[in-house]
Amino acid sequence: MALSINHNAHTGALPDFRNLGILLRILLIVNGAVLLAALLQVQYLRDWPRQITGNAALVEPLLILSLLVLAALGRALQRLPYAVGAAVVLAIEAGLTAVLHYASHWLLMVDPASLTRWLVVVLLVTVMLLAYFDLRGRALSPALAEARLQALQARIRPHFLFNSINAVLSLVRQQPRRAEAALEDMAGLFRALMADNRELAPLSDEIELCRQYLDLEQLRLGDRLQIEWHIDKMPGDALVPPLALQPLLENAVYHGIEPSETPGVVSINIYAVRDRLHVVLRNPYRVTGAHHGGNKMAVGNIRERLQLHFDVAAELTTRVGDNLYEVRMSMPYVKAKR
Amino acid sequence: MNAAPLRVLIVDDEAPARSRMRDLLADIGDTLPVAVVAEVATGREALEAAEAGDINVVLLDVRMPGMDGVEVAQHLQQLERPPAVIFTTAYDAYAIRAFELHAVDYLLKPIRAARLQEALTRAAGTLTPRAGVLRELQQAPRTCLSAAERGRVHLIPVIDILYLRAELKYVTVRTAEREHLIEESLTRLEQEFAERFVRVHRNCLVSRAAIRGFERIGAEAGEGGWQVLLAGLEERIPVSRRQQHIVRELAR
Numbered sequence: 083m084a085l086s087i088n089h090n091a092h093t094g095a096l097p098d099f100r101n102l103g104i105l106l107r108i109l110l111i112v113n114g115a116v117l118l119a120a121l122l123q124v125q126y127l128r129d130w131p132r133q134i135t136g137n138a139a140l141v142e143p144l145l146i147l148s149l150l151v152l153a154a155l156g157r158a159l160q161r162l163p164y165a166v167g168a169a170v171v172l173a174i175e176a177g178l179t180a181v182l183h184y185a186s187h188w189l190l191m192v193d194p195a196s197l198t199r200w201l202v203v204v205l206l207v208t209v210m211l212l213a214y215f216d217l218r219g220r221a222l223s224p225a226l227a228e229a230r231l232q233a234l235q236a237r238i239r240p241h242f243l244f245n246s247i248n249a250v251l252s253l254v255r256q257q258p259r260r261a262e263a264a265l266e267d268m269a270g271l272f273r274a275l276m277a278d279n280r281e282l283a284p285l286s287d288e289i290e291l292c293r294q295y296l297d298l299e300q301l302r303l304g305d306r307l308q309i310e311w312h313i314d315k316m317p318g319d320a321l322v323p324p325l326a327l328q329p330l331l332e333n334a335v336y337h338g339i340e341p342s343e344t345p346g347v348v349s350i351n352i353y354a355v356r357d358r359l360h361v362v363l364r365n366p367y368r369v370t371g372a373h374h375g376g377n378k379m380a381v382g383n384i385r386e387r388l389q390l391h392f393d394v395a396a397e398l399t400t401r402v403g404d405n406l407y408e409v410r411m412s413m414p415y416v417k418a419k420r
Numbered sequence: 014m015n016a017a018p019l020r021v022l023i024v025d026d027e028a029p030a031r032s033r034m035r036d037l038l039a040d041i042g043d044t045l046p047v048a049v050v051a052e053v054a055t056g057r058e059a060l061e062a063a064e065a066g067d068i069n070v071v072l073l074d075v076r077m078p079g080m081d082g083v084e085v086a087q088h089l090q091q092l093e094r095p096p097a098v099i100f101t102t103a104y105d106a107y108a109i110r111a112f113e114l115h116a117v118d119y120l121l122k123p124i125r126a127a128r129l130q131e132a133l134t135r136a137a138g139t140l141t142p143r144a145g146v147l148r149e150l151q152q153a154p155r156t157c158l159s160a161a162e163r164g165r166v167h168l169i170p171v172i173d174i175l176y177l178r179a180e181l182k183y184v185t186v187r188t189a190e191r192e193h194l195i196e197e198s199l200t201r202l203e204q205e206f207a208e209r210f211v212r213v214h215r216n217c218l219v220s221r222a223a224i225r226g227f228e229r230i231g232a233e234a235g236e237g238g239w240q241v242l243l244a245g246l247e248e249r250i251p252v253s254r255r256q257q258h259i260v261r262e263l264a265r
């Protein structure tokens, strides 16, 4: 998919009903409406909880059933054109409402409100929810393009670029072969930085990129930079947002290694537990350092891209310990299709 | 005219950057004779090398771990005949703006031979940047103060300093071992090291970390003044009436 940024506008897709974040939002909004409706229905506040229970008994079966059906049909629904998909969702909701209405009438011998009124309310709520997700999609999709642009800018730390060129220049005369290798690393790195980075990419590619980057830094810093890889149990086929790791390593070198007169260790720990992928990066860090800025930008950028790809299912936390800075990242383990 | 080669000191924490600089100096050697007296990786080594050898120009990296280039340049000025300083930097928007503003000579890495030659030719005839300018360039508090002693630069790590007291023309720097005299203003020291030192008297700043307690004096005289006890020092420092409030703030 070679889309330019301009074409990256909102495509008008239905929300992904298999996504935990979407399901949570629907649950929260509908249940919030139930609470508020109950508040208007009762005369005394003390009756509120009872009214909530009553409302919930009517609404929850339909809500849960709807979410199950929509989640099951999720992939198929997303392939449909937006208008058709939305119509199908409305039809499903109408159908489920009718089924539940008759079921409660025949099986439980209770008669809620008339079917017509139920249908009107359910369809209105559904339309409003779809409109909400549509708006949200519109609001977020430029962010995807923005994130890509930001990625470009935040990534190439000019400091790193010029220092690396300087290091390569120093090699050209005495060690032409090492200079060649360094330039190749640099080309690889910049190709990745300038690529279309919107789609998830295999973790093994990202690790390769990190190695190229660290080779370049080692050229400059020599023994001052020591790297510990703990990636024996890493699933190389896991899909991650491109450039999820390299900028964090750049931070580690810039804030942890460069300001220190003594050699320091950057450790990289990647493993999967059941269906989740965990990444832990550690580097030495002295709070008193006179270094400023930059750090939060890269972390914020990656966090935003994780959220765009995985919503609430991914998290990124940072911790400052005793002379130590730690970044922890976890996300669903999605296998690359080969 | 001047047949003697220019005596140059290279200071950079990155080995490839130093070797690149040496290559460039060799390249321009035909038109501008240069002798590389030493090449070093840290600020401290730079000061030692500058004391030992008669140096004309220091090519000084700005961004180094420990003592940064701007601080090194300030200590270099304590030398009897301070060398000219040319800063080098790969990229530091702040520093570059400051250099431009104060017309301090700097070179951007990767450095071009022609630019280097230009800068060296100019530097051969000029003095180091003025102290005031360097202070403006300083982004973070210095790690050391420096005192000139018999033509050498004596570095006093700021963490070792117990108190700073203004005398007539000088400031006395007291460490556990001894005293030094430096030519700086107490007010400016107070600003630069606000986190580390607290003013207890019009003429005295004491290290917060060294304070061991406060003692009442002259109670019988109805005065009720206080004095500060400092770690590893017999001497007591009086707290002025105006600064009495710090006793309450720090005694906790």
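Just so you know, the sequences run in chain order G and P.
FYI, the numbering for the first sequence is 83 to 420, going by our numbering.
FYI, the numbering for the second sequence is 14 to 265, going by our numbering.
We put the beta carbon where it would ideally sit given N, CA and C, even for glycine.
For the 7 Å CB-CB criterion, residue 226(P) and residue 242(P) form a contact. Checking the DSSP bridge columns, you'll see residue 228(P) partnered with 240(P). Beta bridge pairing from DSSP links residue 198(G) with no other residue. Looking at the DSSP output, residue 417(G) bridges to 320(G). Take residue 326(G), set aside five residues on each side of it, and the residues of its chain with a beta-carbon closer than 6 Å to its own are 384, in chain order.
In this structure, residue 48(P) lies away from residue 89(P), with their beta-carbon atoms at least 7 Å apart. Distances from the CA of residue 37(P) to each of 242(G), 291(G) and 248(G) were compared; the closest alpha carbon is that of 248(G).
Taking C-beta separations shorter than 7 Å and ignoring five residues to either side along the sequence, the partners of residue 253(G) in its chain run 260, 261 and 264, following chain order. In this structure, the CA atom of residue 365(G) is about 40 Å from the CA atom of residue 213(P).
Among the residues of chain P, none has a CB under 9 Å from the CB of residue 261(G); the nearest is roughly 10 Å distant.
By the criterion of a C-beta distance shorter than 7 Å, residue 124(G) is surrounded in its chain by 130 and 133, once the five residues flanking it on both sides are discounted.
At least one CB of chain P lies nearer than 7 Å to the CB of residue 249(G). The region 56-74 of chain P makes no contact with the region 105-118 of chain P; the number of CB pairs closer than 8 Å stays below 3.
Contacts with chain P at 7 Å (Cβ-Cβ) include residue 304(G).
In this structure, DSSP gives residue 87(P) a helical state, which the three-state scheme calls helix. Cβ contact annotation for residue 392(G) (same chain, cutoff 7 Å, sequence separation greater than five): 413 and 414, in chain order. Among the residues of the region 271-301 of chain G, those with a Cβ less than 8 Å away from any Cβ of chain P are 301, in the order of the chain. When the five nearest sequence neighbours on each side are left out, the beta carbons in the same chain lying within less than 8 Å of the beta carbon of residue 381(G) are those of 330, 333, 398, 400 and 409, in order along the chain. Shown in chain order are the members of the region 340-353 of chain G whose Cβ falls below 9 Å from a Cβ of chain P: 340, 341, 342, 343 and 344. Taking 4 residues as the minimum length, the alpha helix (DSSP H) runs contained wholly in the region 209-292 of chain G are 240-256 and 258-276, in order along the chain. In the displayed model, residue 79(P) falls within coil according to three-state DSSP, outside both helix and strand. For residue 148(P), no Cβ of chain G is located within less than 7 Å of the residue's own Cβ. With its beta carbon less than 7 Å from one in chain P, residue 241(G) belongs to the interface.
For residue 212(P), the secondary structure class from DSSP, reduced to helix, strand or coil, is strand.
Rounded to the nearest angstrom, the gap between the Cα atoms of residue 105(P) and residue 300(G) is 21 Å.
Linking residue 147(G) to residue 175(G) through their CA atoms gives a straight-line distance of about 10 Å. The alpha carbon of residue 136(G) has as its nearest neighbour, out of 152(G), 119(G), 149(G) and 269(G), the alpha carbon of 119(G). For the region 100-121 of chain P, the beta-carbon criterion of a distance under 8 Å to any beta-carbon of chain G is satisfied by 103, 104, 105 and 121. With a threshold of 7 Å between beta carbons, residue 245(G) makes contact with chain P. Ranked by Cα distance from residue 133(P), the first of 97(P), 107(P), 30(P) and 153(P) is 97(P). Under the 7 Å criterion on CB atoms, residue 170(P) is classed as non-interfacial with respect to chain G. Contact between the region 346-364 of chain G and the region 308-315 of chain G is present, with at least three C-beta pairs closer than 8 Å. For the 7 Å CB-CB criterion, residue 339(G) and residue 363(G) do not form a contact.
CA-CA distance, residue 290(G) to residue 321(G), rounds to 14 Å. If you look at residue 115(P), you'll find it isn't in any beta strand (DSSP E); it sits in the alpha helix (DSSP H) that goes 106-115.
Here residue 126(P) carries a helix assignment [DSSP, helix/strand/coil].
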